[in-house]
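Asks:
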Amino acid sequence: MDAVSTQLLVVILVGLIICSAFFSSSETGMLSLNRYRLRHLVKKEHKGATLASNLLARPERLIGVILIGNNLVNILIAMVGTAIAERYLSEWAVIVVAPIALTLILLVFAEVTPKSIAAIFPERIAFPASYVLQPLLLLLYPFVLVVNAISNGLARLAGIDLAKAKLSDHLRPEELRTVVDEAGELIPDHHQGMLLNVLDLEKATVEDIMIPRNEVIGIDLDDDIEDIMELIRSTEYTRLPVFEGDINNVVGVLHLRNAARFIQGDNSTVTHDSIREHCSEPYFIPESTPLPTQLMNFQQQKRRTAIVVDEYGEVQGIATLVDLLEEIVGDFSTDTAEDSEPDITECEDDWFLIDGSTSIRDINRQLGWTLSTDGPKTLNGIIVEYLESIPDALVSFEVGNYRFEIVELTETRIEKAKVLEISLQA
Ligand SMILES: Nc1ncnc2c1ncn2[C@@H]1O[C@H](COP(=O)(O)OP(=O)(O)OP(=O)(O)O)[C@@H](O)[C@H]1O
Ligand SMILES: [Mg+2]
1 MDAVSTQLLV
11 VILVGLIICS
21 AFFSSSETGM
31 LSLNRYRLRH
41 LVKKEHKGAT
51 LASNLLARPE
61 RLIGVILIGN
71 NLVNILIAMV
81 GTAIAERYLS
91 EWAVIVVAPI
101 ALTLILLVFA
111 EVTPKSIAAI
121 FPERIAFPAS
131 YVLQPLLLLL
141 YPFVLVVNAI
151 SNGLARLAGI
161 DLAKAKLSDH
171 LRPEELRTVV
181 DEAGELIPDH
191 HQGMLLNVLD
201 LEKATVEDIM
211 IPRNEVIGID
221 LDDDIEDIME
231 LIRSTEYTRL
241 PVFEGDINNV
251 VGVLHLRNAA
261 RFIQGDNSTV
271 THDSIREHCS
281 EPYFIPESTP
291 LPTQLMNFQQ
301 QKRRTAIVVD
311 EYGEVQGIAT
321 LVDLLEEIVG
331 DFSTDTAEDS
341 EPDITECEDD
351 WFLIDGSTSI
361 RDINRQLGWT
371 LSTDGPKTLN
381 GIIVEYLESI
391 PDALVSFEVG
401 NYRFEIVELT
411 ETRIEKAKVL
421 EISLQA
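Under the UniProt record's numbering, the first residue of the sequence shown is numbered 1, with each subsequent residue one higher.
(1) By the DSSP assignment, the beta strand (DSSP E) with Thr-103 in it spans what residues?
(2) Using a Cβ-Cβ cutoff of less than 7 Å, which residues in the same chain neighbour Gln-192 once the five nearest sequence positions on both sides are dropped?
(3) Using C-beta distances below 8 Å, list every residue in its chain close to Ile-66, excluding the 5 sequence neighbours before and after it, in chain order.
(4) Classify Ile-249: buried if its beta carbon has 16 or more other beta carbons within 10 angstroms, exposed otherwise.
(5) For ligand 1, is there a heavy atom less than 8 Å away from the beta-carbon of Pro-241?
(6) Any idea if His-278 is buried or exposed, counting beta-carbon neighbours within 10 angstroms, 16 or more meaning buried?
(7) Give the secondary structure of residue 451 by DSSP, where H, G and I count as helix, E and B as strand, and everything else as coil.
(8) Hey, is Glu-326 close to ligand 1, as in C-beta under 8 Å from one of its heavy atoms?
(9) Can you check whether the CB of Gly-48 is closer than 9 Å to the CB of Leu-136?
(10) Residues in its own chain within less than 8 Å of Phe-298 by CB, not counting five upstream and five downstream?
(11) Going by other Cβ atoms of all chains shown within 10 Å of its Cβ, with 16 needed for buried, is Glu-215 buried or exposed?
(12) Take His-255 as the anchor and find which of Leu-371, Glu-281 and Asp-246 has the nearest alpha-carbon.
(13) Quick check on His-190 - is its C-beta less than 9 Å from some C-beta in chain D?
(14) Looking only at its own chain, which residues have a Cβ that is under 7 Å from the Cβ of Glu-405, when we skip the five neighbours before and after it?
(15) What I want to know is whether the C-beta of residue 428 ends up closer than 8 Å to one or more non-hydrogen atoms of ligand 1.
(16) Excluding the 5 residues flanking Glu-111 on each side, which residues of the same chain have their C-beta closer than 7 Å to its C-beta?
(17) Do Ser-357 and Thr-370 have their beta-carbon atoms positioned less than 9 Å apart in this structure?
(18) What's the gap between the Cα of Ile-18 and the Cα of Leu-186?
(19) For Gly-64, collect the residues of the same chain with a Cβ closer than 7 Å to its Cβ; drop the 5 residues on either side in sequence, then sort them by chain order.
(20) Within this structure, are the beta carbons of Val-242 and Arg-276 separated by less than 9 Å?
(21) How would you write the range of the alpha helix (DSSP H) that Pro-59 sits in, first residue to last?
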């Protein structure tokens, strides 16, 4: 040892500490990489990102090579440090001083500082490091495999299968929600809202967005041709379901563009049969279809209006592509009828006058309320379910946090009710 000069030993020691810092920082850097950003960079063919991503594909090997390197270097540091100390100190002093001094040096220069920096700038550390780690992995491959095999074996003794417990890098929907939610400034508010709506689409079915049968404007072929013509002229809608006597007997959907071809001012040429001829086949869908599925179906079938049926095949209403898209992007407001008479109007003292047919989802969304959407879909439904009958007087009652007051009712349904959210007073 005396043949080697002390200066050279110090240079070697510094070099080893730098190596140790490299291993420590690349370990933290590699494991702190943002997986989504990494995938994005890989797609854009970023070289360092691609290398890092390949290394991360087998985390046990990556960690193996880093730890083998790091430990080897740290042991060398201890040996060289001891050799230097031996030149100046007595045997006992070396045993006391060298470990303390080396631990401090290793902690500060080879562990804490490099790891802290790597945690803040993972990409700047991990991408260049990948260029070194990749060939190093090839070089140390036999050792890595042996170390992995032994540690897998030990883990199995403890009842853990490391090979199978692969890091799952698939986001679950709730996690994706959190990512979008926390993106904050990075995504404009409006886009953020749409993304969240897309994620929520999963939770709703066709039943939640359909126009209930009693609100559907359609052509009854049992009506006189005069009445039908009057309806066609006056309606604001472009696609009308056509049925015989009852909406359950739908024969098709009439597009008024087609109607324009055969209606030329003169009613005498129009017959029930000619209307029937110009209808397109009805497109039936179950009310329980999840909205994302229905969106795909609308696209594949190239349809915009569907007839919604329940489990017994009874027609419940119609669902349109526009209404489904509104779930994502918000109101298009093409429905002029809707604008002319709002379903919800504010009255005095935080009471709201609400149409019985208004959907609970709409009420919750517009007023920020939390009425239960598990049961009935409309305000009328909620009230009738609670009272277990259609009342014959204008009763008022409380359910949960809400006070209801029936304002207008018919023999079959509640037309209008006032609702108040009872504030949670202490
Ligand atoms: N026959 C109908 N009966 C009741 N509501 C309908 C009917 N057709 C469409 N709607 C509703 O009117 C709104 C506008 O829908 P949409 O724009 O698809 O129909 P449109 O205005 O008749 O057609 P377009 O705009 O393509 O000419 C939607 O909210 C939809 O649910
Ligand atoms: Mg329209």
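Just so it is clear, CB atoms sit at the ideal spot from N, CA and C, and this is done for glycine as well.
All values derive from a computational prediction rather than experimental measurement.
Replies: On the basis of the data shown:
(1) Careful: Thr-103 lies outside any beta strand (DSSP E), inside the alpha helix (DSSP H) at 91-105.
(2) So the list reads Val-180 and Ala-183, once near-sequence residues are dropped.
(3) Sequence-distant partners of Ile-66 (beyond 5 residues in either direction) whose C-beta falls short of 8 Å from its own C-beta, in its chain, are Phe-23, Ser-26, Glu-27, Met-30 and Leu-133.
(4) Note on residue identity: the sequence assigns Asn, not Ile, to residue 249. When all chains shown are included, Asn-249 counts as exposed.
(5) yes
(6) Buried is the call here.
(7) What the structure shows of the chain is the stretch from 1 to 426, and residue 451 is not part of that stretch, so it cannot be assessed.
(8) yes
(9) no
(10) Only Arg-304, Ala-306, Leu-321 and Leu-324 meet the Cβ criterion.
(11) Counting Cβ neighbours within 10 Å, Glu-215 comes out exposed, since fewer than 16 surround it.
(12) Distances from the CA of His-255 to each of Leu-371, Glu-281 and Asp-246 were compared; the closest alpha carbon is that of Glu-281.
(13) Judged by its chain identifiers, the structure shown contains no chain D, having just a single protein chain.
(14) Ser-396, Ala-417 and Lys-418
(15) Since the displayed the chain opens at 1 and closes at 426, residue 428 lies outside it and no answer follows.
(16) Ser-24
(17) no
(18) 37 Å
(19) Val-144, Val-147 and Asn-148
(20) yes
(21) 59-88
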